[in-house]
Every structure is written in structure tokens, then in C-alpha cells.
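Asks: My questions all concern the structure below.
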């Protein structure tokens, strides 16, 4: 029994050993592979290790080994940055929840991500670690790493919590305190920061950083000298980035201590944030230069401050202005003072800046707003200022010197704080004079009345009286004009004025226009014999004196006076010679008259009076019964001057000559031609009447009846009523009974629209309406006259009607009238008027070629006055600009600039600046713009364009502040000129894009 049992035991032992030996061999083999894989892993051969762990995991049945392999496979995947590495780790934790490596897995992966700088991933795995299951050493590392990961993620509060847990750690304490100090430093808790930094001060690893932080903290605590000392101590051993910041700390500390000379070299060495300075940086260096009296260097820094809208910017702009002023750069100073005055951060700076802005506006002009407006703004804003009296004195002068009278009147009439009546009188007078020169006579009269309502200055009172009379004259109020002239003559202050010298000339004209020729003679005679009478005005007075003698039937004195005018070299000697010739006829000297007329035609072949001379020659031959010569004279007129209004009269005279000479058929040929070619004219109506007699004499009444039925303008039965109605109206007109004349003429043109006197009636009615200020009512009546064949009123009607349309800018209606006037006008000045306005109208309608063509006509016309020639030169220049021929434009504007006034002068001056900019002569260009601002501030378009040009000049001169500030103001203040504003915006965007490359304070739209 015992033996048997022992055998069985041996058998089982043997059996078990065999099995165990087999298992041990397999297990040993797995351990060898596992250990080899672990050795590869520890040697950071992660891919080879991963493959071997994968093989062991697939071949083992041991769950522990499987779990360990899964752990290392996942860990290797993390280190190899393989896709799905996190999933492998998650799978390990899920499948082997009881593995002793679970917590190690979390910590190990977190540490790996931490070491590789992937702090958000590290924090994700640190959050899963069970810190209770860690060793003390692992726990300290866990706390520090977690704190640093939060620090790098900018979560300073959580970082501080973890750092505080290891602040006393032997291994991590110094680092933790450094970062705790940095967190306190960033949070402006400099006391705590200093405590932490002092604890790690001896640590070589942090000493360099600490030197910068401590210098910065002392600076921020206001310990500027200490900041300087620490900064200077550490400057030589700092890295480039810290060196830039330390220079800034040292420089700004010196700046705050008022040691500007010491501050400058360190402020200059500052490299900026990410290579860019900001407005404060430029301000500090600029102010340091300013305090040293180096104004050029100060300007060079201040003018880089763009878009500033804070107290520093206001201070900078104020001191920039002062720097400019110290260098006598007044335009630049004006802009900077304006900018500082518009900010309210420092009210003392604001007030002083506005004071200086106002003074400079008065001194050099202002394109943004009138100097008067700026001065008024200061007076209103600071009524108790010690400078108020000085500002009011400048204001009075500014109203006159700025020549912006319209705005000056508005300010004076709307501002209750200003009560200088003498200034009011002056401005009202000068504004009236400006309106007079523009041809706006009705508004001129209103302003002269305003000046006369405050008779403070006797000379201005006298002058206002005279120019009001002149305005009355120009709107045909002759009685009022004469009363004004006489009142002016009686004023003591009038005696020494320029206006007084020509007074008799003006009064003579008024009586002449009033048809009071006897009195006109007295005044023209007095003036033409006076010492004051000179040149063209004396000649004109002689001509008018001759005319007054002539219409007053004093022909011998008339002839003598006309001869005096010719001898005196009168420009229109042809007129004097013609008048003298026809005067001989009125004294019974027809032979002399014929001789003089023939002489006239030889001497003045191009005279506008040649048709009159031919007609008078024919009439005089008729008077001498020399009908054959008469017929030849009339034929010469018809042939040589076919457009003359006298042609139908000459043909009618020929018809009468043939009729009286019993040449009926020849008479009918002439008379019927008059009716056919000049219908509805008085000559045509007279021709019908005369033809009737011819037909009756020839016994061909049926032929007459057939002919006359086809003439639609003949109303034979109403002739008597027609004449009676017209004469009633004309009598009222000649007696200057305006209201009754208008009523009677209205009745005539209504009852006899095609009446015998319809041309005369419409013309006189138009004149009456126009004189009464009813311009629109005059239009259809002037138009009626202009649509008829050329007559004695055609020229006047064409001139007046085209003038009305031009004032309305109705070029479509004006152009054909002006073209017709140019062809038909006998008066040279009307030809010039037509040509110059055709030039302007074609330019306004975009037909630059035609505008240029008429400009050349004006320039070549000897009758053109200088003002018309200036207009023409401008048109030539404008057309050249439009076509890109700037060389031609340059020379044309140069000519205009010599004599032009008003808006033309402003335009020429702008182009003077424009071409200087093109030549890169920027300072000279700016000087021209400044003259434009001072002397022509009323012409806002050219002022705005000049400012854009000035901005370009300043930027070319490296003054970005001036450039951008000027452009800002153009954009804000000149919205009524969208093209100028668009150009300003484009230039501003270009400049700001460029400046943003070096100044972080500059904002762009990009």
C-alpha cells in the first residue's frame, strides 16, 4: 500500500515536472522577447520595441504580459506621434483597468507631451492622473509640470495654484518661485514679484532675466533712478531683445526725471515691439529733442504720430506746432495747432492751441475755414480771454484781407457777441463791390444799402453811394442812378476818391441813356475837357459827346467832336468817321457827305459800319437825284454785306426808285424779293403796301390779290388799329412810365402777335421786364426778336438772352444764340462777348476741342479785353490738361497768372503749385498753396485741391503727420467736392499703409 502510493506520487511529480518544464520553457522564451522589447523601448528605439511588444502580446496567454505589452505599444505610439496613439492608450486603460501601470500610463504620456512642448495635450493626461497613487517625487514633478502647462496656456490662476504646491521643493522650488514672481510681475503686483525674485536671485539660471524684470518693476513703481542703475548694470550682458527693452526703460526713466539729454541716446536705441514703435515712443523722443531746443529733430519724431486721439497726442501736436513755429514753418504750425485745438484732454493746451491757430490763420490764410470764422470761434469760446480785444481787432482786418465777404457778412449778421458797426459797414461795402463785379447788380444794391445804413466811415459811405448808383445804372434805373451820382458829388469824402475823377462821365452816360441829351452834353463836355480825362475813357466821352450833339441836331459841334476823337486816336475811329460823314447831310452838304462816305469805305473796309455807310451813300445819291449811283450803292451793300439788317431796307429803296422811275416790273421784282426773303419785317410790310400801288398802276390788281392772299403776315384791315395800339405803348415807354408801358405792350403783342410793330413791341417789353427784375418774363420776348430776320434789335436781344441763359447755366439754349450773335454782331464787344462765352459754354459741356477753338479766336481778336484774354488762356490751359499736354498748359497758366483776378487767379495759382510739385520742387509748391489759402480763400474748390497737393508735398518731404492731417481735414470739410475727397482718401490710404510698416499705432483699412 505504501509502495503503491509512493509510486503514484512519483508519477504525478514526474508528470507535473514535465508539464512545468514545458511551460517554463515557453514562459522563459516570452520573457526574453519581452525584456528585449523593454530594452529597445528604454533605448528609445520605439518602433522596433513596439513591433516586438506586439509579437509578444499576440503569442502570450498571460494577461499581465498582454497588459504590459499593450501599455508599451501605446506609449511607443505616443512617442512616435502615430495616428490613433491616444486611442491605443484609451484602449489599454479600458481593457486592463486593474493594471498597475494605469496611473503610470497617464503620467508617462502626460510627461512625454510636456517634454515635447505639447502643453494642452499634457494637461489633458495630467487631469486623469491619481495624484494619491504617486510617489512624492512623481507628485512634485506632476505639480510643477501641471503648473507650467497652465502657465504656458495663459491660465495664470491655476498655474499659481500648482506652483505654490512645490514652492518649497528642493528640486522644483526655485523654478516655481521664478514663475510665481513672473505671474505677480505680469499682474502688476510688483511687491510680491520682488519677494519671489529676491529668493531666486542667486540662481545663475534666472539672474539675467531678473535684472530686466527688476529694472522694469522699479520703473513702473516710479523708482526711476533705481531703474536706471539696474538697467545700466545689466545692459552689457543682456540679449538683443532685453537690450532693446532695457534701453527703453533707461531712456524713459531719464525722460521722467527731466534729464532729456541723457534720455535721448537710450530712447533712440529702443527697437520697438516686434520691430515697430508706437505714437508714445515717437512722442517721448520728440519731446526730449524739443526740450533740448533741437526743433528739427523734434519735428522728425513728432510728425510720425498719426491718428493720435489721446492726451499724449494732443501734447505732441501742440509741441510739434511750437517746433514748426520756432523754425518759421507757419503752414505746418497752423495744421498742428488746429489738431491740438480740436482735442479736449488738456483744456489749457486746447485754448492756447486755438489762439495760435487763429493768429496764424489771419497771418498766412486758411484753406479749411475762413480766418474770420476761426477768430470768431475763439472769441465766442473764450469770451473772458485776455486776448479778446486782440482777436476782435484781427477779426475786423480779416474780413477785409480774406476777401471772403459773403461768409463775413453771414458771421456779422448772425453773431450777437460782435458789435463793431464799422467792420459791418466795410464788409457790406466790399461784398457789394464783389457782387457788382460779378454782374449781380440787384444783390449788390442790397449790400450797398447795408453799408449806407451804418455810415461810420465817411469814405466808405461815399464809395457805397457811388457804386449803388453804378448798380442802378446797370439795371436801367436811370433816375435812381442820377440821384446817387449827385448825392456822391455833394459828399466831402468823395473828393479824393478814384470814383470822383470820372463822375461827369458817369452822369453824362446816365442822361444819355435817359434820352436827356441836353444835360448829357454838359457832362460829357465837362469830362472830355478835364485834366482827369485820359486814354480810352476820354475817347469814349468824345464819341458820346458827338452822339449827344448829333441826336440834339447840333451837327457842326457833333462833327467837330467826332474829329477830336479821331485826332485823339480813338480805337473805334470808324464809328466817329461814319457819324461825321452822315452829319454833313443834315447841314445840307450832301456832296461832302458822299465824299466822306466813299473815303470811309476805302479807309475802313472791314468796319462793322460799312453796311450803314453803303446804305447812307445810296440814300444821299437818291437825295441828289443820282438814282443810278444810288442803285449801285445799294447793290454793293446787298452783295458785300448780305447778312446786314439793312439789306431789306436797301432792296425796298431800290424798289421805290424803280417805282418812281416808272420801271414797274423792276420795282415788283425788288419788292417781292423783300417779302419773300424777309417776311414779317417792317420792310416786308412796307414792300406789300408799295407793291399794291405798283400793281394798281400797272393794272394788274388780280395778280396782286392772288399774291397777297399767300402772305400770312399781312393784316391789312387791322393796320390802323395796329399802329394806334403800338403808338400808345411806345409813348408810355418814351415817357418812362414803366408800369403803363408794360401793360400797353402786353396788350399789343397779345392782340397783334404778327403785327406791323411786333418786333419793336416784343423788344421794348423784354427790356422793361428785365429792367424791373422780371428776368424770366423777358425771355419769350427777347426770343421772339431773335427768331426774326436780322433787325435793329437782333444784336441786343441775342446778347441779353444769351446772358440770361448763361446765368442759368442753360448752355443748350445759350450756344445757338451765341453762335448767331458772333455772326451777326456789328459791335466788336458783342463779338468778343459771344466768342468768350462760346468758349466757356463748350468747355462746360465737355466739348474741349470747340472750347480751344474759340479760345484762340478770343486771343487773336484785337477787340478782346485783358479779362477775356485771361479767360481764353485758361480755356487753352484746361483743354491742354484734358488732352495731357501739360507743357502747353504750363505756359498758358503762367500767362494767366500775370494779370488774372478772382477765381481765374486762384486756378492759375493752383496750377503753379501743381507744376512745381511735378518738378519735385515741393517747398516752392507749398509756398504757392499758402498764397492760394491766404489771398483766395473764398474759392473753396481750388483751396481743397491745393490742400491735397500740399499733403503730397509734405509726404515727399518726409512729414507724414502734416500729410495725413491735411488729408483728414479735406475729407471732413470738403464733401461738396466728391472728386477731391476721393483723391484725398486714396492718398491717405497710400500713406497710412506705408507708415503702418514702422508705427504700430497707425490703423489702416487693409
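Numbering (the working numbering), first residue to last: 372 to 1377. Where is the CB? At the ideal position from N, CA and C, for every residue including glycine. Values in this document were obtained by computation on a predicted structure and should not be read as measured data.
Indicate the three-state DSSP secondary structure (helix, strand or coil) for residue 536 in the structure shown.
Replies: Within the chain shown, the letter at position 165 stands for residue 536. In this structure, residue 536 counts as helix in the three-state DSSP scheme.
Asks: Which same chain residues, not among the five before or five after residue 1144, have their C-beta less than 8 Å away from its C-beta?
Replies: The sequence position of residue 1144 within the chain shown is 773, counting from 1. Result list for residue 1144: 813, 846, in chain order.
Asks: Go ahead and pull the three-state DSSP assignment for residue 862.
Replies: Looking up residue 862 in the chain shown gives position 491. Coil, per DSSP.
Asks: According to DSSP, simplified to helix, strand and coil, what is residue 644?
Replies: By 1-based counting over the chain shown, the position of residue 644 is 273. DSSP places residue 644 in strand when its eight states are reduced to three.
Asks: Write down the C-beta distance between residue 888 and residue 919 rounded to the nearest angstrom, noting that I regard them as a contact closer than 8 Å.
Replies: Within the chain shown, the letter at position 517 stands for residue 888. Within the chain shown, the letter at position 548 stands for residue 919. With 8 Å as the limit, residue 888 and residue 919 qualify as a contact, their Cβ atoms being about 5 Å apart.
Asks: My guess is that residue 1267 and residue 1245 are in contact by the Cβ rule of under 8 Å, so how many angstroms apart are they, rounded?
Replies: Residue 1267 sits at position 896 when you count from the first residue of the chain shown. Residue 1245 sits at position 874 when you count from the first residue of the chain shown. Indeed, because the Cβ distance is near 5 Å, the residues count as touching under 8 Å.
Asks: According to DSSP, is residue 877 helix, strand or coil?
Replies: As a working note, residue 877 is residue 506 in the chain shown. It is helical.
Asks: Is the beta carbon of residue 1069 closer than 9 Å to that of residue 1032?
Replies: For the purposes of this step, residue 1032 is taken as the residue at position 661 of the chain shown. For the purposes of this step, residue 1069 is taken as the residue at position 698 of the chain shown. In this structure, residue 1069 does not lie closer than 9 Å to residue 1032 by Cβ.
Asks: Between residue 1302 and residue 736, is the Cβ-Cβ spacing less than 9 Å?
Replies: Taking the first residue of the chain shown as position 1, residue 1302 is located at position 931. Taking the first residue of the chain shown as position 1, residue 736 is located at position 365. Yes, they are a contact pair.
Asks: Can you tell me which of 1254, 617, 665 puts its alpha carbon nearest to the alpha carbon of residue 637?
Replies: Residue mapping note: residue 637 aligns to position 266 of the chain shown, counting from 1. Comparing Cα positions, the closest option is 617.
Asks: Which whole-angstrom value is the C-beta distance of residue 749 and residue 724, which I expect to be below 8 Å?
Replies: On the chain shown, residue 749 is found 378 positions in, with the first residue counted as 1. On the chain shown, residue 724 is found 353 positions in, with the first residue counted as 1. Between residue 724 and residue 749 the Cβ distance is about 11 Å, and since that is not below 8 Å, they are no contact.
Asks: Quick one: grab the DSSP three-state call for residue 397.
Replies: For the purposes of this step, residue 397 is identified with residue 26 of the chain shown, where counting begins at 1. For residue 397, the predicted structure reports a pLDDT of 45, less than 50, and the residue's modelled location is therefore unreliable. A value from the coordinates is still provided. Helix at residue 397.
Asks: Nearest to residue 839 by CA position, among 828, 808, 492, is which residue?
Replies: By 1-based counting over the chain shown, the position of residue 839 is 468. For residue 839, the nearest C-alpha among the options comes from 808.
Asks: Considering just the uninterrupted stretch of the alpha helix (DSSP H) at residue 975, what are its terminal residues?
Replies: For the purposes of this step, residue 975 is taken as residue 604 along the chain shown, with counting starting at 1. Note, residue 975: premise wrong, no alpha helix (DSSP H); not H, not E.
Asks: Whether or not the region 1281-1294 and the region 748-765 are in contact is what I'm after, with contact meaning three or more pairs of Cβ atoms, one per stretch, closer than 8 Å; do they touch?
Replies: no
Asks: With DSSP as the reference, label residue 751 as helix, strand or coil.
Replies: For this step, residue 751 is matched to residue 380 along the chain shown. If DSSP states are grouped into helix, strand and coil, residue 751 belongs with the helices.
Asks: When the Cα of residue 815 is compared with those of 782, 776, 794, which residue comes out closest?
Replies: Counting from 1 along the chain shown, the entry for residue 815 is found at position 444. The candidate whose alpha carbon is nearest that of residue 815 is 776.
Asks: On the criterion of 16 or more Cβ atoms from any shown chain inside 10 Å, does residue 999 qualify as buried, or is it exposed?
Replies: In the chain shown, counting from the first residue as 1, residue 999 sits at position 628. Exposed, since its Cβ has fewer than 16 Cβ neighbours within 10 Å.
Asks: Below 9 Å between beta carbons: does that hold for residue 926 and residue 882?
Replies: Translated into the one-based positions of the chain shown, residue 926 becomes position 555. Translated into the one-based positions of the chain shown, residue 882 becomes position 511. Going by C-beta atoms, residue 926 is not nearer than 9 Å to residue 882.
Asks: Can you find the residues in the same chain that come closer than 6 Å, C-beta to C-beta, to residue 1253, ignoring five residues on each side of it along the sequence?
Replies: Taking the chain shown and counting its residues from 1, one reaches residue 1253 at position 882. Answer for residue 1253: 1219, listed in chain order.
Asks: Does the distance from the CB of residue 1140 to the CB of residue 1123 come in under 9 Å?
Replies: As a working mapping, residue 1140 is identified with position 769 in the chain shown. As a working mapping, residue 1123 is identified with position 752 in the chain shown. No. Outside cutoff.
Asks: Report the option in 434, 939, 484 whose CA atom is closest to the CA atom of residue 451.
Replies: For the purposes of this step, residue 451 is taken as residue 80 along the chain shown, with counting starting at 1. The residue with the shortest Cα to Cα distance from residue 451 is 484.
Asks: Does the Cβ of residue 1357 have 16 or more other Cβ atoms within 10 Å, making it buried, or fewer, making it exposed?
Replies: Indexing the chain shown from 1 puts residue 1357 at position 986. Residue 1357 is exposed by the Cβ-count criterion.
Asks: Quick one: what does DSSP say residue 1370 is sitting in, helix, strand or coil?
Replies: The residue labelled residue 1370 in the question sits at position 999 within the chain shown. The three-state reading of DSSP puts residue 1370 in strand, counting E and B together.
Asks: If I measure Cβ to Cβ from residue 890 and keep anything under 6 Å in the same chain, skipping five residues before and after, which residues do I get?
Replies: Counting from one through the chain shown, the residue named residue 890 turns up at place 519. The answer, listed in chain order, is 882.
Asks: Tell me where the alpha helix (DSSP H) around residue 1157 begins and ends.
Replies: Here the question's residue 1157 lines up with position 786 in the chain shown. Start and end: 1146-1158.
Asks: Return helix, strand or coil for residue 846, following the three-state DSSP convention.
Replies: As a position in the chain shown, residue 846 is number 475, starting the count at 1. Looking at residue 846 - three-state DSSP - the assignment turns out to be coil, as it is neither helix nor strand.
Asks: Pick out whichever of 1084, 1083, 1064 has its Cα sitting closest to the Cα of residue 1075.
Replies: For the purposes of this step, residue 1075 is taken as residue 704 along the chain shown, with counting starting at 1. Of the candidates 1084, 1083, 1064, the one whose C-alpha sits nearest the C-alpha of residue 1075 is 1064.
Asks: Have a look at residue 1130 and residue 1159 and give me their C-alpha separation to the nearest angstrom.
Replies: The count along the chain shown starts at 1 and reaches residue 1130 at position 759. The count along the chain shown starts at 1 and reaches residue 1159 at position 788. Rounded to whole angstroms, the gap between the alpha carbons of residue 1130 and residue 1159 is 8 Å.
Asks: Output the residue ranges of the alpha helix (DSSP H) runs that lie fully inside the region 727-779 and measure 4 residues or longer, sorted by chain position.
Replies: 742-752, 759-772
Asks: So residue 456 is in the alpha helix (DSSP H); what residue range does that whole segment cover?
Replies: As a working mapping, residue 456 is identified with position 85 in the chain shown. Taken as a continuous stretch (DSSP letters only), the alpha helix (DSSP H) holding residue 456 covers 456-466.
Asks: What span of residues does the alpha helix (DSSP H) with residue 552 cover, start to end?
Replies: Indexing the chain shown from 1 puts residue 552 at position 181. In the DSSP assignment, residue 552 falls within the unbroken alpha helix (DSSP H) covering 544-557.
Asks: According to the neighbour-count rule (16 or more other Cβ atoms, all chains shown, within 10 Å of its Cβ), is residue 388 buried or exposed?
Replies: For the purposes of this step, residue 388 is taken as the residue at position 17 of the chain shown. Here residue 388 scores only 39 on pLDDT, less than 50, and its place in the model should not be relied on; the value that follows carries that caveat. Exposed: under 16 other Cβ atoms inside 10 Å.
Asks: According to DSSP, simplified to helix, strand and coil, what is residue 598?
Replies: Working through the chain shown from its first residue, we reach residue 598 at position 227. Three-state DSSP puts residue 598 in a helix.
Asks: Near residue 625, which residues of its chain fall below 6 Å by C-beta distance, leaving aside the five closest residues on each side in sequence?
Replies: By one-based count along the chain shown, residue 625 stands at place 254. Hits under 6 Å: 633, 634.
Asks: Could you check whether the region 478-498 touches the region 506-521, counting it as contact only if at least three pairs of C-beta atoms, one from each stretch, sit closer than 8 Å?
Replies: yes
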